[in-house]
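If you read the sequence shown in the working numbering, its first letter stands for residue 3, the second for the next number, and so on.
Just so it is clear, CB atoms sit at the ideal spot from N, CA and C, and this is done for glycine as well.
Here the structure is a predicted model, which is why all the values come from computation and not from measurement.
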Amino acid sequence: THLDLGHYARFLNQDFTILSNVTAGQIYNELLDEERLGAEFLGQTVQVVPHLVSAVAKRIEKLGESEDADVVIVEVGGTVGDMEAEAFIEAVRWMRDMEGRQNSFSIHLTFVPLLKPTNELKTKPTQHSVRALRALGIQPDAILCRLNDPTDSDEATSDLKDKISLHCGVPRDAIIYLPTLGNVYAVPDWLEKQGLAEVIMDRLGFERRKPTVPKVWRALTDDTSVVNNGTDHSDDDLQRVSISIVGKYTSLHDSYLSVVEALRHAELNQGIRIDIGWTPSEMIEQHGSERYLSKAQGIVVPGGFDKRGTEGMIRAARYARERGIPYLGLCLGLQMMIIEFARHVAGIEDADSTEFDPAASEPVIALMEEQKGVKEIGGTMRLGAYTCVLALGTRAHEAYAMANVGEELSDGDLRITERHRHRYEYNNAYRRRLESLGLISSGLNPELSLVEIAEIADHPFMLGSQFHPEFRSRPEQPHPLFDLFVRYARQYRPEGTQQPLFVKAVSSI
């Protein structure tokens, strides 16, 4: 899934390409295009087997070849038995037969529920799911038994492993208990201690070796300490920083998982604790900003689509601008910041986005020129990495220069690349007017002159990016924009609070 792919990127400290995300829609689209062209199939009847299955296998092989990889990790989402996943499971079976069992390793993730009245862990769901997987031609080499709680593993006796091994045909040492842990960063260490890596390496013929674990990973798995410049700090010593995320989808926190992780990385780097407040933008529309944002030391407005809740985001941006609260806008958050500035500083009362009102009289945010002729909008957004040049003397330049990220140009500017996912942009027709009032276009795409970063000149830190910096943040290297944003948030003190904010409570992240 997309969430898992982000975790893989953060765990491995790698940037993935489009090849790493394979969906049924992509494969079907490729097959239909090839069939219409006529050269590939020459009038054959295009079928799930062999054509669709072969296309999935080729995508997996292409990824391995493009990265010259020793191992390709293939995660098949969903549940065994789902119709949507059958072609992918068949592709895995096919590849296992072609590559040889000694060159493949199948891990089956299954749930082992605890029956509370009898305090008994039940293995029947595991037995039946393995039977269903076998019916599709795959015998698992290891089984990860998901448990609800770490204490459930106390009830998971050796007899339970013997039972699963007997009924599922999997060696006992390849049956691993995996309880729900404090956070996802604790999972690799848990699996390492359970011996999963040794089982995999022995099967694939790799030499066993002890993993090198960066010190920051210990902090990621421990809520009582933070590592900053190689020094441990207990929670008693840490400064607390209150950050509000104002968004459209805050009822499901995973919608902004990458944003939360990027804040977590800045937290670790600076040796602090960040408390996140989740603020539905529609609630600000109903009750005003003061009720939800009065204690915030920083405000993040992340991405989203359509008009719902956007007026609340605009109010949040105004609240941050007028009170000097550090503000970080991501994609839509940048656009809301620009609309707010245009309305309340430049006096353009009808400033709006053509995404919300196609007939807007003052479209300070408009559809990108290259998007105007697009009728079928699926899969046509501006996606992937694009170049941006940061102007010397701006907050954006300060952030990247401080992190030593980017290529310095002859005039002192910095060239960077960042990941995008959008269709609308800051309308250049309004740039000169808004810049004269203090809205600085601090980052531009050199090819198309698109505004990638804008910031308010007379504000401590009010900056928005059209790209998604959270996608590039890593535990070992927090994203420069998030890191600088948090540094300024630490300095802000809401009215009625004392300086500094030190408490002993556990972090809410």
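Discussion item. Taking only three categories from DSSP, how would you classify residue 263?
Written reply: Residue numbering aside, residue 263 sits at position 261 when the sequence shown is read from its first letter. The three-state secondary structure of residue 263, taken from DSSP, is helix.
Worksheet item: Counting along the chain, where does the alpha helix (DSSP H) carrying residue 189 start and finish?
Response: Numbered from 1 along the sequence shown, position 187 holds the residue referred to as residue 189. Element bounds for residue 189: 189 to 195.
Practice prompt. With residue 6 as the anchor, note down where its alpha helix (DSSP H) starts and where it stops.
Written response: Residue numbering aside, residue 6 sits at position 4 when the sequence shown is read from its first letter. Segment 4 to 14, the alpha helix (DSSP H) holding residue 6.
Worksheet item: Just how far apart, CA to CA, sit residue 146 and residue 445?
Response: Locating residue 146 in the sequence shown gives position 144, where the first residue counts as 1. Locating residue 445 in the sequence shown gives position 443, where the first residue counts as 1. As the crow flies, the alpha-carbon of residue 146 is around 46 Å from that of residue 445.
Discussion item. Using C-beta distances below 8 Å, list every residue in its chain close to residue 87, excluding the 5 sequence neighbours before and after it, in chain order.
Written reply: Against the sequence shown, residue 87 aligns to sequence position 85. Residues of the same chain with a CB within less than 8 Å of the CB of residue 87, apart from the 5 flanking positions on each side, are 78, 79, 80 and 81 in chain order.
Discussion item. Taking only three categories from DSSP, how would you classify residue 226?
Written reply: The residue you call residue 226 lines up with position 224 of the sequence shown. Reliability fails at residue 226, whose pLDDT of 42 lies under 50, so the model's placement of it is uncertain and no value is given.
Item to complete: Taking 8 Å as the cut-off, decide whether the C-beta atoms of residue 340 and residue 441 are in contact.
Response: In the sequence shown, the residue the question calls residue 340 occupies position 338. In the sequence shown, the residue the question calls residue 441 occupies position 439. Note that the C-beta distance between residue 340 and residue 441 is below 8 Å.
Discussion item. Rounded to whole angstroms, what is the Cα-Cα separation between residue 118 and residue 165?
Written reply: Within the sequence shown, residue 118 is the residue found at index 116, counting from 1. Within the sequence shown, residue 165 is the residue found at index 163, counting from 1. Between residue 118 and residue 165, the C-alpha separation is close to 20 Å.
Worksheet item: Which residues in the same chain as residue 417 place their Cβ atom closer than 7 Å to its Cβ, once the five residues preceding and following it in sequence are excluded?
Response: Locating residue 417 in the sequence shown gives position 415, where the first residue counts as 1. For residue 417, where only same-chain residues beyond five positions count, the Cβ hits under 7 Å are 389, 391, 408, 409 and 411.
Discussion item. Is residue 397 close to the ligand SAM? I mean its beta-carbon at under 7 Å from any heavy atom of the ligand.
Written reply: Of the ligands one can find in the structure shown there are none, so the ligand SAM has no counterpart to examine.
Item to complete: Tell me, please, whether the region 168 to 188 touches the region 135 to 145 by the rule of three or more beta-carbon pairs shorter than 8 Å.
Response: Contact between the region 168 to 188 and the region 135 to 145 is present, because at least three Cβ pairs lie under 8 Å.
Worksheet item: At what residues does the alpha helix (DSSP H) containing residue 319 begin and finish?
Response: For the purposes of this step, residue 319 is taken as residue 317 along the sequence shown, with counting starting at 1. Per DSSP, the continuous alpha helix (DSSP H) segment holding residue 319 begins and ends at 312 to 325.
Worksheet item: How many Å lie between residue 271 and residue 253 at the Cα?
Response: Stepping through the sequence shown from its first residue, residue 271 is reached at position 269. Stepping through the sequence shown from its first residue, residue 253 is reached at position 251. Approximately 28 Å, taken between the alpha carbons.
Practice prompt. Have a look at residue 233 and residue 427 and give me their C-alpha separation to the nearest angstrom.
Written response: Translated into positions along the sequence shown, residue 233 becomes position 231. Translated into positions along the sequence shown, residue 427 becomes position 425. Residue confidence is low: residue 233 scores 46 on pLDDT, short of 50, so the model does not pin down where it sits. Its coordinate-derived value is still stated next. Their backbone Cα atoms lie some 43 Å apart in a straight line.
Worksheet item: Rounded C-beta distance between residue 286 and residue 249? I'm assuming under 8 Å.
Response: Residue mapping note: residue 286 aligns to position 284 of the sequence shown, counting from 1. Residue mapping note: residue 249 aligns to position 247 of the sequence shown, counting from 1. Separation of the CB atoms of residue 286 and residue 249 is rounded to 11 Å, and the pair is thereby denied contact status at 8 Å.
Practice prompt. Indicate the three-state DSSP secondary structure (helix, strand or coil) for residue 432 in the structure shown.
Written response: Against the sequence shown, residue 432 aligns to sequence position 430. Assigned with DSSP and collapsed to three states, residue 432 falls in helix.
Fill in: Cross-strand partners of residue 144 (DSSP beta bridge)
For the purposes of this step, residue 144 is taken as the residue at position 142 of the sequence shown. Residue 144 pairs with 109.
Discussion item. To the nearest angstrom, how far is the alpha carbon of residue 488 from that of residue 471?
Written reply: Within the sequence shown, residue 488 is the residue found at index 486, counting from 1. Within the sequence shown, residue 471 is the residue found at index 469, counting from 1. Approximately 14 Å, taken between the alpha carbons.
Fill in: Inter-residue spacing [alpha-carbon to alpha-carbon] between residue 355 and residue 367
Position 353 of the sequence shown, counting from 1, holds the residue named residue 355. Position 365 of the sequence shown, counting from 1, holds the residue named residue 367. Residue 355 and residue 367 have their C-alpha atoms roughly 4 Å apart.
Item to complete: Run through the region 39 to 125 for me and flag every whole alpha helix (DSSP H) of 4 or more residues, listed as ranges in chain order.
Response: Fully enclosed alpha helix (DSSP H) runs of 4 or longer: 55 to 69 and 88 to 101.
Item to complete: State buried or exposed for residue 338, treating a residue as buried only when at least 16 other CB atoms are found within 10 Å of its CB.
Response: Taking the first residue of the sequence shown as position 1, residue 338 is located at position 336. With 16 or more Cβ atoms within 10 Å of its Cβ, residue 338 is classed as buried.
Worksheet item: Do you know whose CA, among 68, 96, 72 and 39, lies nearest residue 57's CA?
Response: For the purposes of this step, residue 57 is identified with residue 55 of the sequence shown, where counting begins at 1. Each of 68, 96, 72 and 39 was checked against the Cα of residue 57, and the nearest Cα belongs to 96.
Worksheet item: CB-CB under 7 Å to residue 201, same chain, minus the five flanking residues each way: which ones, in chain order?
Response: Along the sequence shown, one-based indexing puts residue 201 at 199. For residue 201, the CB contacts under 7 Å within the same chain, skipping 5 residues up- and downstream, are 144, 175 and 176 in chain order.
Practice prompt. Can you give me the start and stop residues for the alpha helix (DSSP H) that residue 287 sits inside?
Written response: Within the sequence shown, the letter at position 285 stands for residue 287. Residue 287 -> alpha helix (DSSP H) spans 283 to 289.
Worksheet item: Where in the region 336 to 415 do unbroken runs of the alpha helix (DSSP H), each at least 4 residues long, occur, reported from the N-terminal end onward?
Response: Correct list: 397 to 404.
Worksheet item: Between residue 204 and residue 198, what straight-line distance do the alpha-carbon atoms span, to the nearest angstrom?
Response: The residue labelled residue 204 in the question sits at position 202 within the sequence shown. The residue labelled residue 198 in the question sits at position 196 within the sequence shown. Between the alpha carbons of residue 204 and residue 198 lies a distance of about 10 Å.
Worksheet entry | Beta-carbon proximity list for residue 22, same chain, < 7 Å, skipping 5 on both sides | For the purposes of this step, residue 22 is identified with residue 20 of the sequence shown, where counting begins at 1. 7 and 65.
Worksheet item: Do you know how far the Cα of residue 421 is from the Cα of residue 59?
Response: The count along the sequence shown starts at 1 and reaches residue 59 at position 57. The count along the sequence shown starts at 1 and reaches residue 421 at position 419. Using only the alpha carbons, I get a separation of about 27 Å.
Discussion item. With a threshold of 8 Å, are at least 3 pairs of Cβ atoms found where one atom belongs to the region 423 to 439 and the other to the region 274 to 294?
Written reply: No: fewer than three Cβ pairs fall under 8 Å.
Worksheet item: How about residue 5 and residue 334: are their beta carbons less than 8 Å apart?
Response: Position 3 of the sequence shown, counted from the first residue, corresponds to residue 5. Position 332 of the sequence shown, counted from the first residue, corresponds to residue 334. It is not a contact, given that the beta carbons lie outside the stated cut-off.
Discussion item. Starting from residue 292, trace the beta strand (DSSP E) in both directions and tell me its first and last residue.
Written reply: Here residue 292 refers to the residue found at position 290 when the sequence shown is read from its first residue. It is not in any beta strand (DSSP E) - residue 292 instead sits in the alpha helix (DSSP H) that spans 292 to 295.
Worksheet item: Helix or strand or just coil, what does DSSP make of residue 214?
Response: Within the sequence shown, residue 214 is the residue found at index 212, counting from 1. Here residue 214 carries a coil assignment [DSSP, helix/strand/coil].
Worksheet item: With distances taken between CB atoms, is the gap from residue 15 to residue 478 smaller than 8 Å?
Response: Residue mapping note: residue 15 aligns to position 13 of the sequence shown, counting from 1. Residue mapping note: residue 478 aligns to position 476 of the sequence shown, counting from 1. Result yes, Cβ atoms of residue 15 and residue 478 sit closer than 8 Å.
Worksheet item: Where do the N-terminal and C-terminal ends of the beta strand (DSSP E) with residue 458 fall, by residue?
Response: Within the sequence shown, the letter at position 456 stands for residue 458. Residues 453 to 458.
Practice prompt. State the CB to CB distance for the pair residue 298 and residue 496, rounded to an integer number of angstroms; the pair is presumed to be in contact (CB under 8 Å).
Written response: Counted from its first residue, the sequence shown places residue 298 at position 296. Counted from its first residue, the sequence shown places residue 496 at position 494. Going by Cβ atoms, the distance from residue 298 to residue 496 rounds to 7 Å, so yes, they are a contact pair.
Fill in: DSSP state of residue 420 mapped onto helix, strand, coil
Locating residue 420 in the sequence shown gives position 418, where the first residue counts as 1. Strand, per DSSP.
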